[in-house]
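**Student:** Structure below; questions to follow.
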Amino acid sequence: MNTFWRTFKVAAWLGWEMDSNWTEPWLFMVYSVVKPVAGAFILVLMYTVFAFIGNRPDPAAFSYMYVGNSFFIFVGSVLFGTFQVIQSDREWYQTIRYVYISPISYYVYIVGRAVSKVGVAAFAVAITLAFGVAFLGVQIHLTVDAVPLFAASMLLGLAVLLAIGICLGGISFLTAKHTHGLAEGIPGLFYVFCGVLFPLSILPSWGQAIGKAIPLTYWFDITRRLLAPTLGVDSTLAGYSDLTIMALLVVSSVAFFGLSLLIFKTGEYFARKAGKIDMTTSY
Amino acid sequence: MKPATVRRTDLRYRIGLNLRAVVGRSYPRIVGANREPSWIFFEALLPLLGIAAYVFIYQSFGARSFAAAAGNTTAQAVISANTNALIASVVLGGTMVAFWLNVLWSMASQLYWEKEIGNLQLYMMAPMNRMALLGGMAVGGMVMTSMRAVSTLVAGILVFGVIFQVADPLTLLAVFFAALIALYGLGMMFASLYLLWGREAWNLSALMEEPIFFSSGFYFPVGGLFRVPGWGPIIAIIGSFVPATFGLDALRQLTLGSTAFGGQLWIFDVKTELYILVFMAVLFLILARYSLRYLETLAKREGKLTSRHQ
Amino acid sequence: MPYAVETRDLTRIFAGKKKRRIRRKRATGEGEDHLGPVTALDQVSIQIRDGELFGMLGPNGAGKTTLIKILATLLLPTSGQAFVAGHDVAKDPFPIRQRINMVSGGETSGYGLLTARENVWMFSQFYGVPSKVSKGRIDELMHTFGLWDKRDAKVRMLSTGQRQKMNMIRGFVTDPDILFLDEPTLGLDVNAARVIRDYITNWVRSQKSKTVLLTTHYMAEADQMCDRIAIIDNGKILACDTPENLKRMIRTETTFRLEVDTIRDIASFSSMEGVKNFSHTDDISKNRTHLTFILEDEGPVAEILSTITSQGKKVHSLQKSEPTLEDVFISMVGRGFE
Numbered sequence: 001m002n003t004f005w006r007t008f009k010v011a012a013w014l015g016w017e018m019d020s021n022w023t024e025p026w027l028f029m030v031y032s033v034v035k036p037v038a039g040a041f042i043l044v045l046m047y048t049v050f051a052f053i054g055n056r057p058d059p060a061a062f063s064y065m066y067v068g069n070s071f072f073i074f075v076g077s078v079l080f081g082t083f084q085v086i087q088s089d090r091e092w093y094q095t096i097r098y099v100y101i102s103p104i105s106y107y108v109y110i111v112g113r114a115v116s117k118v119g120v121a122a123f124a125v126a127i128t129l130a131f132g133v134a135f136l137g138v139q140i141h142l143t144v145d146a147v148p149l150f151a152a153s154m155l156l157g158l159a160v161l162l163a164i165g166i167c168l169g170g171i172s173f174l175t176a177k178h179t180h181g182l183a184e185g186i187p188g189l190f191y192v193f194c195g196v197l198f199p200l201s202i203l204p205s206w207g208q209a210i211g212k213a214i215p216l217t218y219w220f221d222i223t224r225r226l227l228a229p230t231l232g233v234d235s236t237l238a239g240y241s242d243l244t245i246m247a248l249l250v251v252s253s254v255a256f257f258g259l260s261l262l263i264f265k266t267g268e269y270f271a272r273k274a275g276k277i278d279m280t281t282s283y
Numbered sequence: 284m285k286p287a288t289v290r291r292t293d294l295r296y297r298i299g300l301n302l303r304a305v306v307g308r309s310y311p312r313i314v315g316a317n318r319e320p321s322w323i324f325f326e327a328l329l330p331l332l333g334i335a336a337y338v339f340i341y342q343s344f345g346a347r348s349f350a351a352a353a354g355n356t357t358a359q360a361v362i363s364a365n366t367n368a369l370i371a372s373v374v375l376g377g378t379m380v381a382f383w384l385n386v387l388w389s390m391a392s393q394l395y396w397e398k399e400i401g402n403l404q405l406y407m408m409a410p411m412n413r414m415a416l417l418g419g420m421a422v423g424g425m426v427m428t429s430m431r432a433v434s435t436l437v438a439g440i441l442v443f444g445v446i447f448q449v450a451d452p453l454t455l456l457a458v459f460f461a462a463l464i465a466l467y468g469l470g471m472m473f474a475s476l477y478l479l480w481g482r483e484a485w486n487l488s489a490l491m492e493e494p495i496f497f498s499s500g501f502y503f504p505v506g507g508l509f510r511v512p513g514w515g516p517i518i519a520i521i522g523s524f525v526p527a528t529f530g531l532d533a534l535r536q537l538t539l540g541s542t543a544f545g546g547q548l549w550i551f552d553v554k555t556e557l558y559i560l561v562f563m564a565v566l567f568l569i570l571a572r573y574s575l576r577y578l579e580t581l582a583k584r585e586g587k588l589t590s591r592h593q
Numbered sequence: 594m595p596y597a598v599e600t601r602d603l604t605r606i607f608a609g610k611k612k613r614r615i616r617r618k619r620a621t622g623e624g625e626d627h628l629g630p631v632t633a634l635d636q637v638s639i640q641i642r643d644g645e646l647f648g649m650l651g652p653n654g655a656g657k658t659t660l661i662k663i664l665a666t667l668l669l670p671t672s673g674q675a676f677v678a679g680h681d682v683a684k685d686p687f688p689i690r691q692r693i694n695m696v697s698g699g700e701t702s703g704y705g706l707l708t709a710r711e712n713v714w715m716f717s718q719f720y721g722v723p724s725k726v727s728k729g730r731i732d733e734l735m736h737t738f739g740l741w742d743k744r745d746a747k748v749r750m751l752s753t754g755q756r757q758k759m760n761m762i763r764g765f766v767t768d769p770d771i772l773f774l775d776e777p778t779l780g781l782d783v784n785a786a787r788v789i790r791d792y793i794t795n796w797v798r799s800q801k802s803k804t805v806l807l808t809t810h811y812m813a814e815a816d817q818m819c820d821r822i823a824i825i826d827n828g829k830i831l832a833c834d835t836p837e838n839l840k841r842m843i844r845t846e847t848t849f850r851l852e853v854d855t856i857r858d859i860a861s862f863s864s865m866e867g868v869k870n871f872s873h874t875d876d877i878s879k880n881r882t883h884l885t886f887i888l889e890d891e892g893p894v895a896e897i898l899s900t901i902t903s904q905g906k907k908v909h910s911l912q913k914s915e916p917t918l919e920d921v922f923i924s925m926v927g928r929g930f931e
């Protein structure tokens, strides 16, 4: 346990240094906020343009999209924060071989490295939501009663995200340098299928089936239910109670944790077999 | 081994040298994409999902609006047309996103990457012009990226049923290539900055994703920004320094018709935008040449040309 | 006739990280000295003639790589001048770049997705070598360096030695007039190092006007290959001559090598009369210390032995030997390379 904790601490420190020490702290904070806020503004303008060209304003749909997009910041950051550890240590810093052969759990090391991204993402989510409420009329009503459930869902959601990130890490062991393809594509998968920006009912039935198989769909749904219960936009999961959704989230979190271990170990095994642990594949 | 070659400096020699350098540097990109099968999945197909999400947003808005206009067939027809035009705007933006990301990550920050893997010093002591090196990266990058851009267009037409109406294909091609050259020219300018910077450069590239997608109107007609009172026009004007802004605006006019969105969301007419793009292309290439020369000297003075892991 | 390489009072100072220095100083009260400006080259003046195989010998951090980077047009001097093929590196890099190439030991160049042959070909294109000529040379060099079997292997599949051979081929394929070799045999096995050394020596000797500047911290390599050697330490050239002349400089002195039980108290040796300089290396596996003394004559030997034995240490061997380049270095600097 001691080794795990020590590994986690050192990795978290390293992750924070790598993320932040390239500039002054204030600039880093601005940087951490500008990207996600600009991402939210894309949606604001999409909505503005839609309304401008003669369509009916739809503040509920806007709030639905805005809240979903705000929490999606966690998805991009945490996934990138985990799978890029292998790619950057292998191709860029070329330190993977030294960390990998040290007597630590590489799995724990990756989780530790991602922690700073979780912290920075939480800050960006808070700023984005606050901005939406203050200036864009986004409707948020989190009641005191809902706080424990909200906190539990947040923890589970982040755990699932870390697990998915580690799955990608396991795959990254075997692939060439695809940091940007992965950073863009995998979150895109969840962007489309998890009801982040629009209700699942917009998707064809096969798309809805995919969405229901991904735990993040339940995470986004419960988060939105607790944070903005008055939106009245079809959530497709309306038939599920809050507790059912939480149960689904718990079960899928455990399943994804197991899956992440399996994929990570398999990726690691095949990478060692093929001599790919410390390969470089630049082009 | 043959005796030492005579060292020529005439124009013909220099042109030959630089053309060979362009071919040499574009080669790894072109063959690299073919050699790694995972590339097609990760770099060309997977990113389509992000674009699909934006398409579904408009579909979702459109569906709710359509339902709300039940019984009014005229209004529903307008809503359908508008929704198609918006989705087409996203698809066109998606093709440009591919090139913009390539400019950021495989042009601008590439020199930083080359420094990290130890290649930069070998490039910088070779006699070819640095613009030839960047030109090679650009040509290779364009070829690599066109697969993703084409996939986006094909997915837009086949999967999302987007209808494009191209009345003037020659102007369309002219706008497309002028925008592309201007974009890569801008990338070359950034590349010179990255000679000097370390991780700052990487983070600057990351910072030029969403904010530029927003200010240049990658996923909505940029004219929408001019309709936002106060800060909207300012953001749009700043965004216009990225050639994708005028490029996309002109491409949308050429493929959707200038009457789309009631003709209210365009910045200028196509011809004006084409002239601006050509001007930008020339300007950025010239500026890139000089900034590259200046910053290379600065980097050599500060010893940052070869210092890794900054 | 200009020199192939000439430097005049060449100085390079690295400024260090100002912001970090200030931050460190605020946090700990120190830092200015540790992270402050570093003088990597201090008024270095050398002349390398056409057709010469010139060695730079010095320990890690002596300034060898900085010098090569300046000569290869990658770094500007802080003051002084450097000329390569008669052209100023700061003002006129293009004609220099046409004539030079550089190979650094222990560095991987190229792209992992390309084959060894493709990587070398790509670099040759930056020098305008026609493809047909380039491919012919690559094949010839691949045979010479024993890399022919690996010509179509992707670079990421090559061993360290094979990558280094590929690097060497990259350096020769452009047929440079002046080649900078920065520790070219670093980390290579004996056979691979020998192949490379032989090729370099033969390349210079068999052609007119091919010049090599070789930096190394392997004494034997410098001794065996170089026409002349400059000894560099802390950015300063301490001596520059043929290996024979350098060794002759300390021939009036006497070199003794001793192998003794691991010894800690060595301070008293430096104050002994007649001891010009000495170095020591611990061999932990054998629990021994190797001592090399440069003496004015044989007088102090008895005192040295009694100092060792008085500490209860056993002397395993004592040998009077011909001076080597390392002895020259010890004589000048007061320490060995290790």
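Protein chains in written order, with our numbering: chain G, 1 to 283; chain H, 284 to 593; chain V, 594 to 931.
Note that CB positions come from ideal geometry on N, CA and C, so glycine has one too.
1) Does A51 of chain G come out as helix, strand or coil in the three-state DSSP assignment?
2) Taking the alpha-carbon positions, what's the F264 of chain G to L174 of chain G distance?
3) Any C-beta of chain H sitting closer than 8 Å to the C-beta of L668 of chain V?
4) Which of helix, strand or coil does DSSP assign to A287 of chain H?
5) Using a Cβ-Cβ cut-off of less than 7 Å, give me the residues of the stretch 691-714 of chain V that come near chain G, in sequence order.
6) Taking C-alpha atoms, which residue in H:I446, H:A484 and H:A360 lies nearest to S389 of chain H?
7) DSSP state of T827 of chain V, grouped into three classes?
8) Indicate whether the contact test is met: 3 or more Cβ pairs, each with one atom in the stretch 762-774 of chain V and one in the stretch 690-699 of chain V, closer than 8 Å.
9) Taking 8 Å as the CB-CB cut-off, is N402 of chain H touching chain V?
10) Is it buried or exposed for V921 of chain V, if we count other Cβ within 10 angstroms and need 16 for buried?
11) Please name the residues in the stretch 726-757 of chain V whose beta-carbon is closer than 7 Å to at least one beta-carbon of chain G, in chain order.
12) Mind pulling the alpha helix (DSSP H) runs of 4 or more residues that sit fully within the stretch 423-462 of chain H?
13) Hey, how far is the Cα of L490 of chain H from the Cα of G188 of chain G?
14) Name the chain H residues that come within less than 7 Å of E298 of chain G, Cβ to Cβ?
15) Give the single residue among H:G507, H:G530 and H:F496 whose Cα lies nearest to the Cα of P36 of chain G.
16) Throw me the rounded Cβ distance for the L560 of chain H and V458 of chain H pair, which I believe falls under 8 Å.
17) According to DSSP, C833 of chain V sits in a beta bridge with which residue or residues?
18) Using CA atoms only, rank isn't needed, just tell me which of V:T917, V:F719, V:S910 and V:Q640 is closest to M420 of chain H.
19) Tell me the start and end of each unbroken beta strand (DSSP E) in the stretch 900-926 of chain V that is at least 3 residues and wholly inside, in chain order.
20) If you draw a straight line from the alpha carbon of L772 of chain V to that of F28 of chain G, how long is it in whole angstroms?
21) I'd like the ranges of any alpha helix (DSSP H) spanning at least 4 consecutive residues and lying wholly in the stretch 621-670 of chain V.
22) Could you work out which residues of chain C lie near L300 of chain H, taking near to mean beta carbons separated by less than 7 Å?
23) Do you know whose CA, among H:K583, H:E319 and H:A335, lies nearest V445 of chain H's CA?
24) So which residues on chain H does W92 of chain G lean against when the C-beta distance must stay under 7 Å?
25) Quick check on this structure: which residue in G:F193, G:I277, G:F50 and G:G112 has the alpha carbon closest to the alpha carbon of P204 of chain G?
26) Check for me: the beta strand (DSSP E) holding L675 of chain V runs from which residue to which?
27) Distance check for F339 of chain H and V361 of chain H, CA to CA, integer angstroms please.
28) For chain G, is any of its Cβ atoms less than 8 Å away from the one on R347 of chain H?
29) Under 8 Å: do the stretch 402-421 of chain H and the stretch 722-730 of chain V share three or more Cβ pairs, one atom per stretch?
30) Q718 of chain V touches chain H at which residues, Cβ-Cβ below 7 Å?
31) Which residues, in chain order, does the stretch 523-551 of chain H contribute to contact with chain G at a C-beta distance below 8 Å?
32) Per DSSP, N694 of chain V forms a beta bridge with which residues?
33) Closest Cβ-Cβ distance between Q342 of chain H and chain G: below 8 Å?
34) Give me the Cα-Cα distance between N633 of chain H and N412 of chain H, rounded to the nearest whole angstrom.
35) Between which two residues does the alpha helix (DSSP H) containing T580 of chain H stretch?
36) Identify whether V138 of chain G lies in helix, strand or coil by the three-state DSSP scheme.
**Tutor:** Taking the definition as stated:
1) In the structure shown, A51 of chain G sits in a helix (DSSP, three-state: H, G or I).
2) 11 Å
3) At least one chain H Cβ lies under 8 Å of L668 of chain V.
4) With a pLDDT of 44 at A287 of chain H, under the threshold of 50, the modelled position of this residue cannot be trusted; read the value that follows with caution. The answer is coil: DSSP assigns A287 of chain H none of H, G, I, E or B.
5) Y704, G705 and L706
6) H:A484
7) Residue identity check: residue 827 of chain V is Asn in the sequence provided, not Thr. DSSP places N827 of chain V in coil when its eight states are reduced to three.
8) yes
9) yes
10) V921 of chain V should be labelled buried.
11) R749
12) none
13) 19 Å
14) Any question about residue 298 of chain G goes unanswered here, given that chain G covers just 1 to 283.
15) H:F496
16) So it is a contact: roughly 7 Å between Cβ atoms.
17) According to DSSP, C833 of chain V bridges with V:A823.
18) V:F719
19) Restricting attention to beta strand (DSSP E) runs no shorter than 3 residues, the stretch 900-926 of chain V encloses them at 908-914, ordered along the chain.
20) The alpha-carbon atoms of L772 of chain V and F28 of chain G are separated by roughly 44 Å.
21) 625-628 and 657-664
22) Protein chains G, H and V are contained in the structure displayed, whereas chain C is not.
23) H:A335
24) E399
25) G:F193
26) Checking the sequence, you will find Ala at residue 675 of chain V rather than Leu. Here the beta strand (DSSP E) through A675 of chain V covers S672 to V677.
27) So the alpha carbons of these two residues sit roughly 18 Å apart.
28) yes
29) When C-beta atoms of the stretch 402-421 of chain H are compared with those of the stretch 722-730 of chain V, fewer than three pairs fall below 8 Å, so the two segments do not count as touching.
30) At a C-beta separation below 7 Å, Q718 of chain V has these neighbours in chain H: R303, A304, V306 and G307.
31) F544, G545, Q547 and L548
32) Answer is V:L772, bridged to N694 of chain V.
33) yes
34) In the structure as shown, chain H begins at 284 and stops at 593. Residue 633 of chain H is therefore absent and cannot be evaluated.
35) V553 to E585
36) coil
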